[in-house]
Amino acid sequence: MKSLRTILLLGILCYGCNEPAIIVDNNISCIEMGLHLPPCIVEQINAYKKNPDKPSNFLDANVTAYRYRDECVFIFNPGDVPDWKFMAYNQDCEVICEFGGITGDTTCEDFSNTAQEIGVIWRITD
């Protein structure tokens, strides 16, 4: 009976294990603000996982959360992809900043000096 309870408890705890979750680093938490991964980031993760043409170093793909101008922003990084344009999205999937691309454009010049990294909140595991 005790082992059955243990199995049920583990099943309940792992119910959402395949869903991206926010991992808190550096004592700055978007969870404390009542925030979760924006749907546009979840869509990018799911599309990336299903893509058969992932770059050879797909294990480097991740999503990092930052605190920038009093809100949490999320950046999807597909790994080592040449000329990738990184976009920082807020909770409402609005593009807050754009970085890189073939022309190296940056729309938030102060990002590297003022944004606080919360941490990697998702890393590809398959």
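Residues 1 to 126 (full-length UniProt numbering) are what the sequence shown spells out, left to right. Glycine is no exception: its CB is placed at the ideal position from the N, C-alpha and C atoms. Every value quoted in this text rests on a predicted model; they were computed, and no experiment measured them.
Report task. For F99, collect the residues of the same chain with a Cβ closer than 6 Å to its Cβ; drop the 5 residues on either side in sequence, then sort them by chain order. Result -> Answer for F99: F86 and T106, listed in chain order.
Requested in this report: Flag this pair as yes or no: are the beta carbons of W122 and I75 separated by less than 8 Å?
Outcome: Not a contact, by the Cβ cut-off of 8 Å.
Requested in this report: Return the CA-CA distance between K49 and S112, expressed in angstroms with no decimal places.
Outcome: Inter-residue distance for K49 and S112 is about 28 Å (C-alpha atoms, whole angstroms).
Requested in this report: Give the DSSP-derived three-state secondary structure of E117 in the structure shown.
Outcome: Strand, per DSSP.
Query raised in the report: Which runs of the beta strand (DSSP E) spanning at least 3 residues fall entirely within the UniProt domain "DUF6970" (60–123), listed in chain order?
Result: Runs of the beta strand (DSSP E) inside the UniProt domain "DUF6970" (60–123): 62–68, 71–77, 85–89, 95–100 and 116–123.
**Report entry** E43 (DSSP reduced to helix, strand or coil)
**Finding:** Of the three classes helix, strand and coil, the one that applies to E43 here is helix, per DSSP.
Requested in this report: Determine the contact status of V63 and I96, defining contact as a CB-CB distance below 8 Å.
Outcome: No.
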